Amino acid sequence: MQTHGSRYLRLAALGDSTTFGIGDPVPGGWRGWARLLAEALGTSYDVSFCNLAVSGATVLDVRREQLADAVDHAPDIASLIVGVNDTMRSTWDPARLRAELMECAEALHDAGALLVTARFHDHGAVFGLPGVLRRPLWARIEVVNAVYDEVHATYGGIRIDLASRPEVTTRAFWSVDRLHPSELGHRAMAHLYGGLLQREGLDFEPPSLLAGGGIAPSWRRDLAWLVTEGAPWMQRRARDLGPWAVRLALQH
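Taking full-length UniProt numbering as reference, the numbering of the sequence shown is continuous, increasing by one, and the terminal residue is 252.
Structure follows, in structure tokens:
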């Protein structure tokens, strides 16, 4: 990993709502695993952190709207974690997803960045979806995972396999919507990536696994979020994927 001086690091985060920080509320907005990691690195390094992630982003959104700014940031470390939203769209196109993810990974690698990626878990199982919907959704996620396997084999970097992490199956890992990590889930991700960066030679203490600095969960806040954000999101996905789900049900 190339760095701009021994104690200076440029970090760029690309992706969707998980990297944006949803699920980990703090006064004034959201924090999330990427910011937690940047703050931990900041205790030992002079960190320039650029979080370009946007809630709801697809791989195409990242390529069109985030990649150029990330490359301009000249990152030493760049996280590229996106693709789950693609699996929940009627516009699902595996070939295009692969081409766009590989293009993003190549550009970040060629800019000198150490890539930070992930393999995804079975979201349908966490949601509690019936098997007729969970299995095809998992098949799509496996396609995304296969592309990330290719990214890792081609460009290296560090990654975590969420499907292999036992904490991912626990309720405490997730926020009320079971789609975004809770504060503890974000901290677990930041801690895991921190440990991997230590193995790459960075000298710092990974983010703590203990809650702190965030807004404590409450049923009122959770209910308000579900009404204003969660329910509308589910309605949009239902309209988009409804015909697909009906066809699957008829086939089974």
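Glycine included, C-beta positions come from ideal geometry on N, C-alpha and C.
A quick note: this is a predicted structure, and the numbers were derived from the prediction, not measured.
Pairwise C-beta distances place the segment 69-89 in contact with the segment 115-130, as three or more of them are shorter than 8 Å. Exclusion of the five residues before and after S182 leaves G23, W174 and S175 as the residues of its chain whose Cβ lies within less than 6 Å of its Cβ. Each residue's CA atom was taken as its position, placing G201 and G195 some 10 Å apart. An exposed status is given to A172, since fewer than 16 other beta-carbon atoms sit within 10 Å of its beta-carbon. Under the three-state reduction of DSSP, I215 is assigned to coil, being neither helix nor strand. Within the same chain, and ignoring the five residues on either side of G124 in sequence, the residues whose Cβ sits closer than 8 Å to its Cβ are L133, R134, R135, L137 and W138. Look at V116 here: in three-state DSSP terms it is strand. A13 carries a strand assignment under DSSP once its states are collapsed to helix, strand and coil.
Taking a cut-off of 8 Å on C-beta distances, the segment 104-112 touches the segment 141-160, as three or more cross pairs fall below it. With respect to the C-alpha of D203, the residue from Y45, W30 and L162 having the closest C-alpha is Y45.
In this structure, the straight-line span from the alpha carbon of T91 to that of L162 is close to 25 Å. H121 places its beta carbon 8 Å or farther from that of T18.
A direct Cα-Cα distance of roughly 25 Å separates A70 from D93.
Membership of R31 in any alpha helix (DSSP H) is not indicated, and neither H nor E is assigned to it by DSSP.
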